Amino acid sequence: MKNLIYKSMLLSLAIFVFSCDNDDNDNDNGGNNIVAPMSYEFTRDGESSVSFSGQTTRLTQAEELYAALNSSEATESGLDLMFNGDANSSAGFADESLNGTSKIIGSKTAASTLAGSATTKQMFDDMIVDYANNVVPNWTSDAGPEQPGAISTPDGASTYHLNGAGQEIDQLFFKGLIGAFTLDQIVNNYIHPNQLDSGTRIDDNDNDVLSGDNNYTDMEHKWDEGFGYLYGLEGDNLQNAGASPSGSGSLLMKYFKKVNDEGGYEPGIGQVVYDAFIMGRTAIVNKDYDLRDQQAAIIKVELSKVIGYYAIHYMNDYIAKLDADNVAKAHHSLSEGWGFLLSLQFTNNGNDEPFMDKATVEYFLANYMGDFHNMNPAVLTAPASSQYPGMIALVKQAFEANGVTLNID
Amino acid sequence: MRFNYLIILFFITLLSISCTENDNNSSTDGYDRSSLLSNMVDNIMIPAHQNFDSQLELFESAVNSFGQDRSISNLELMQDQFIEAYKAWQHIEMFNIGYAEEIFYASKMNIYPANITRITQNINSDNVDLDGNSNQFSAQGFPAVDYLLFGLGETNDQILNVYVTDNNLTFGYLNLLVSKMVNNTDSVISYWETNRQSFINSTGNTSTSSLNKLANDFVYFYEKGLRANKIGIPAGVWSGELPQNVEAYYKSDISKILAIEALQASADFFNGIHFEDSQTNGESLYDYLAYLDDTNYSDSSMFIGLEDDIVDSFDSSMIKINVLNDNFALQIETDNMKMLEAYDAIQQGVVRLKTNMLSILGIAVDYYDADGD
Numbered sequence: 087m088k089n090l091i092y093k094s095m096l097l098s099l100a101i102f103v104f105s106c107d108n109d110d111n112d113n114d115n116g117g118n119n120i121v122a123p124m125s126y127e128f129t130r131d132g133e134s135s136v137s138f139s140g141q142t143t144r145l146t147q148a149e150e151l152y153a154a155l156n157s158s159e160a161t162e163s164g165l166d167l168m169f170n171g172d173a174n175s176s177a178g179f180a181d182e183s184l185n186g187t188s189k190i191i192g193s194k195t196a197a198s199t200l201a202g203s204a205t206t207k208q209m210f211d212d213m214i215v216d217y218a219n220n221v222v223p224n225w226t227s228d229a230g231p232e233q234p235g236a237i238s239t240p241d242g243a244s245t246y247h248l249n250g251a252g253q254e255i256d257q258l259f260f261k262g263l264i265g266a267f268t269l270d271q272i273v274n275n276y277i278h279p280n281q282l283d284s285g286t287r288i289d290d291n292d293n294d295v296l297s298g299d300n301n302y303t304d305m306e307h308k309w310d311e312g313f314g315y316l317y318g319l320e321g322d323n324l325q326n327a328g329a330s331p332s333g334s335g336s337l338l339m340k341y342f343k344k345v346n347d348e349g350g351y352e353p354g355i356g357q358v359v360y361d362a363f364i365m366g367r368t369a370i371v372n373k374d375y376d377l378r379d380q381q382a383a384i385i386k387v388e389l390s391k392v393i394g395y396y397a398i399h400y401m402n403d404y405i406a407k408l409d410a411d412n413v414a415k416a417h418h419s420l421s422e423g424w425g426f427l428l429s430l431q432f433t434n435n436g437n438d439e440p441f442m443d444k445a446t447v448e449y450f451l452a453n454y455m456g457d458f459h460n461m462n463p464a465v466l467t468a469p470a471s472s473q474y475p476g477m478i479a480l481v482k483q484a485f486e487a488n489g490v491t492l493n494i495d
Numbered sequence: 002m003r004f005n006y007l008i009i010l011f012f013i014t015l016l017s018i019s020c021t022e023n024d025n026n027s028s029t030d031g032y033d034r035s036s037l038l039s040n041m042v043d044n045i046m047i048p049a050h051q052n053f054d055s056q057l058e059l060f061e062s063a064v065n066s067f068g069q070d071r072s073i074s075n076l077e078l079m080q081d082q083f084i085e086a087y088k089a090w091q092h093i094e095m096f097n098i099g100y101a102e103e104i105f106y107a108s109k110m111n112i113y114p115a116n117i118t119r120i121t122q123n124i125n126s127d128n129v130d131l132d133g134n135s136n137q138f139s140a141q142g143f144p145a146v147d148y149l150l151f152g153l154g155e156t157n158d159q160i161l162n163v164y165v166t167d168n169n170l171t172f173g174y175l176n177l178l179v180s181k182m183v184n185n186t187d188s189v190i191s192y193w194e195t196n197r198q199s200f201i202n203s204t205g206n207t208s209t210s211s212l213n214k215l216a217n218d219f220v221y222f223y224e225k226g227l228r229a230n231k232i233g234i235p236a237g238v239w240s241g242e243l244p245q246n247v248e249a250y251y252k253s254d255i256s257k258i259l260a261i262e263a264l265q266a267s268a269d270f271f272n273g274i275h276f277e278d279s280q281t282n283g284e285s286l287y288d289y290l291a292y293l294d295d296t297n298y299s300d301s302s303m304f305i306g307l308e309d310d311i312v313d314s315f316d317s318s319m320i321k322i323n324v325l326n327d328n329f330a331l332q333i334e335t336d337n338m339k340m341l342e343a344y345d346a347i348q349q350g351v352v353r354l355k356t357n358m359l360s361i362l363g364i365a366v367d368y369y370d371a372d373g374d
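Chains as they are written, first to last, in the working numbering: chain F, 87 to 495; chain P, 2 to 374.
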């Protein structure tokens with residue numbers, strides 16, 4: 087029933103919104119309401135008031151870090167520098183423009199007020215140590231139980247480098263960052279009142295008090311920063327990002343596009359999220375914070391579904407690769423699945439709670455996915471009706487319990 | 002039919018939320034804020050200040066005795082009483098309101114790590130203005146005194162030697178810091194004695210109403226004073242590990258005691274437990290939330306049972322802090338994961354207090370979330 091209400095809300099919200107605004111001529115800003123634009127473009131005095139360059143920087147940094155987590159040249163100190171910076175300043179990147187900034191990926195990893203966790207952040211730091219000290223020195227060894235090393239597909243076309251638990255660190259790390267970094271910063275930080283409304287930000291926005299020398303209010307900028315964690319690498323595609331998100335980068339946008347693609351799990355999600363970001367930003371300009379928060383709730387649920395879809399997708403894919411006797415690909419897919427499962431704790435059901443919480447997720451990862459060489463596939467595949475349902479069924483149930491149906495088997 | 006009815010109801014609710022102006026200028030939930038305020042002020046805040054004042058005066062007289070007789074035993078008496086005063090301080094740091102806020106009382110009492118360079122400059126300067134600028138915050142108060150009592154040498158003999166050989170320079174600075182602490186504290190207490198009644202009478206719900214300030218300062222203390230300063234920053238949550246940033250670094254085997262005092266003070270404040278009698282409690286934020294819970298003020302799952310969820314957060318935080326080493330610096334160097342677990346437990350309370358409690362109370366957060374780009 088919640089699902090029905092939620093879908094009705096989605097379908098009807100735009101109509102409802104306009105009917106409300108039209109009836110209300112006595113609005114806060116004296117009737118200067120703007121109508122939601124078709125693309126994420128907002129101006130004040132003829133100049134753009136949109137800014138999310140900090141997010142673009144971080145997303146660009148992430149691409150270099152991703153490559154480094156797949157390199158036999160990587161060192162612990164080098165990786166740590168890229169992830170955590172040096173004395174609160176970014177460092178270690180080949181692209182010099184990414185160094186010496188205040189933008190540091192690690193400082194935004196598992197860092198939101200709502201879902202942040204110091205122990206989960208530590209898991210990422212530990213992965214760097216594991217990669218540099220176990221995977222790299224065993225680059226050409228054959229991977230096996232408790233033996234870090236390489237594993238190749240039967241056709242020899244792909245080789246993956248695994249730690250002693252049979253896990254591919256770059257996949258654990260990056261699929262984990264999709265939740266802990268990009269999704270968390272959007273749904274549990276920037277589009278939440280904790281950020282948008284704290285201090286004098288409501289009063290400032292009500293009275294068009296701009297942030298320093300910038301052309302935006304703090305509240306506008308916070309919302310833009312949330313937008314930037316998804317769309318920060320769109321570049322020239324920004325205007326078309328609703329119907330055709332680019333899939334740029336290796337984080338949330340990459341899988342968001344896959345879900346949206348024709349034949350994907352939920353074509354059309356791209357437009358829904360893009361429109362909600364636009365409508366929320368419009369609401370901020372119009373000082374309508376209830377409308378803003380309704381749009382935030384849509385974004386929270388829709389983006390969280392991306393995590394649900396791909397957690398299940400890669401668990402399924404693991405089983406399929408096992409069935410095809412492709413052990414290397416099976417380890418690869420399970421590594422991706424592990425990261426998406428870790429990401430589940432950073433989802434947001436629209437009511438500021440995760441679809442599946444940290445304790446549940448991390449207990450499962452530690453106890454049932456701690457060694458990929460000794461996996462019992464039933465912990466993933468056991469049906470919902472069985473005494474101990476598998477994780478695939480549990481993830482679907484977790485969304486279903488919040489009125490959200492994932493279109494995936 | 003029932004589906005349609007619910008959907009219509011849902012939209013009516015949405016419509017009314019979206020299209021009406023909420024009057025936030027008064028507390029409209031029917032709860033009697035004045036009885037809560039009088040319990041907070043008369044049974045917690047003022048007695049906690051008075052207790053701190055007497056502990057601080059005992060410390061001051063220990064310093065005076067040491068001034069007259071520079072002996073190891075007097076040094077140790079001074080050190081012991083310093084710890085008692087520091088513990089008592091944990092119960093009042095959260096009340097950064099009125100005159101305390103005006104004079105930056107909390108900043109002058111407990112900004113750490115201490116700035117040793119500036120302290121050394123001050124010791125060797127004959128004209129120190131501790132109120133001159135904010136750079137002096139970390140050269141005074143408990144962290145600076147911690148350094149002067151425990152950080153000048155490896156052993157108490159070495160520390161004593163400094164005090165007997167430097168022409169009273171170090172003792173002079175210690176004396177200056179202590180009298181500053183006493184004077185500031187006296188002023189803050191006399192402010193509360195004068196303004197007690199008007200503070201209790203301010204029962205509205207605006208940014209300057211008493212409960213709004215009190216609740217904000219309480220949550221701020223829990224988030225920054227306890228979670229970030231005592232645990233998160235030294236454990237490296239936002240940077241590398243910084244064991245030298247623990248509270249009372251030079252006597253760092255009390256860092257756990259101080260954290261426990263601060264957590265207990267927070268739990269007691271939330272529960273309205275009288276400062277002088279832990280068996281007695283009065284009207285509190287717990288009761289306010291329970292009242293809203295009982296009157297079905299909200300049916301959101303975030304708010305049902307929130308008062309007990311918050312108490313659970315205090316309990317689980319206490320468990321996580323209790324397993325730590327008495328010396329947090331040592332804990333960080335040997336097994337930092339336990340510090341991070343304590344941080345996470347406290348963080349859960351921050352979400353419930355700041356995001357859920359302040360929201361259901363209709364109290365705007367008056368400080369910035371520092372987490373920006």
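C-beta: ideal position from N, C-alpha, C; glycine also.
All values reported here derive from a predicted model rather than from experimental measurement.
In angstroms, rounded to a whole number, what distance separates the CA positions of residue i and residue j?
i                      : j                      : result
residue 272 of chain P : residue 183 of chain P : 29 Å
residue 132 of chain F : residue 301 of chain F : 10 Å
residue 266 of chain P : residue 46 of chain P  : 10 Å
residue 475 of chain F : residue 293 of chain F : 54 Å
residue 57 of chain P  : residue 341 of chain P : 33 Å
residue 69 of chain P  : residue 177 of chain P : 16 Å
residue 204 of chain F : residue 263 of chain F : 14 Å
residue 207 of chain P : residue 213 of chain P : 7 Å
residue 38 of chain P  : residue 287 of chain F : 28 Å
residue 352 of chain P : residue 482 of chain F : 27 Å
residue 349 of chain P : residue 201 of chain F : 8 Å
residue 148 of chain F : residue 191 of chain F : 7 Å
residue 112 of chain P : residue 142 of chain P : 8 Å
residue 492 of chain F : residue 260 of chain F : 23 Å
With a threshold of 8 Å between beta carbons, is residue i in contact with chain P?
i                      : result
residue 266 of chain F : no
residue 203 of chain F : yes
residue 381 of chain F : no
residue 208 of chain F : yes
residue 438 of chain F : yes
Taking 8 Å as the CB-CB cut-off, is residue i touching chain F?
i                      : result
residue 25 of chain P  : Below a pLDDT of 50, predicted positions are generally treated as unreliable, and residue 25 of chain P, at 38, falls in that range; the measurement from the model is reported next regardless. Not an interface residue.
residue 318 of chain P : no
residue 367 of chain P : yes
residue 303 of chain P : yes
residue 64 of chain P  : no
residue 324 of chain P : no
residue 118 of chain P : no
residue 352 of chain P : yes
List the whole-angstrom C-beta distance separating residue i from residue j, where the pair is believed to meet the contact cut-off of C-beta under 8 Å.
i                      : j                      : result
residue 328 of chain F : residue 360 of chain F : 3 Å
residue 190 of chain P : residue 51 of chain P  : 7 Å
residue 393 of chain F : residue 337 of chain F : Incorrect: roughly 12 Å between the Cβ atoms, too far for contact.
residue 184 of chain F : residue 150 of chain F : 7 Å
Counting only the same chain and skipping the five closest in sequence on each side, list residues whose C-beta sits under 7 Å from that of residue i.
i                      : result
residue 308 of chain P : 287, 290, 291 and 294
residue 297 of chain F : 303, 304 and 307
residue 363 of chain F : 126, 313 and 385
Here's a check: name, in chain order, each residue in its chain whose Cβ is nearer than 8 Å to the Cβ of residue i, leaving out the five neighbours to either side.
i                     : result
residue 60 of chain P : 79, 82, 83, 85, 86 and 179
residue 5 of chain P  : Confidence at residue 5 of chain P is low in this model, with a pLDDT of 47, below 50, so the placement of that residue is unreliable and no value is reported for it.
Residues in its own chain within less than 6 Å of residue i by CB, not counting five upstream and five downstream?
i                      : result
residue 151 of chain P : 251 and 252
residue 140 of chain P : 116, 119, 120 and 123
Where the stretch 327 to 349 of chain P meets chain F: residues whose CB sits under 7 Å from a CB there
338, 341, 342, 344, 345 and 348
Give the residues from the stretch 213 to 229 of chain F that approach chain P closer than 8 Å (Cβ to any Cβ), ordered along the chain.
none
Got a sec: which bits of the stretch 173 to 199 of chain P sit with their beta carbon under 9 Å from any beta carbon on chain F, in order along the chain?
none
The stretch 230 to 254 of chain P: which residues have C-beta closer than 8 Å to a C-beta of chain F, in chain order?
233, 236, 238, 239, 240 and 241
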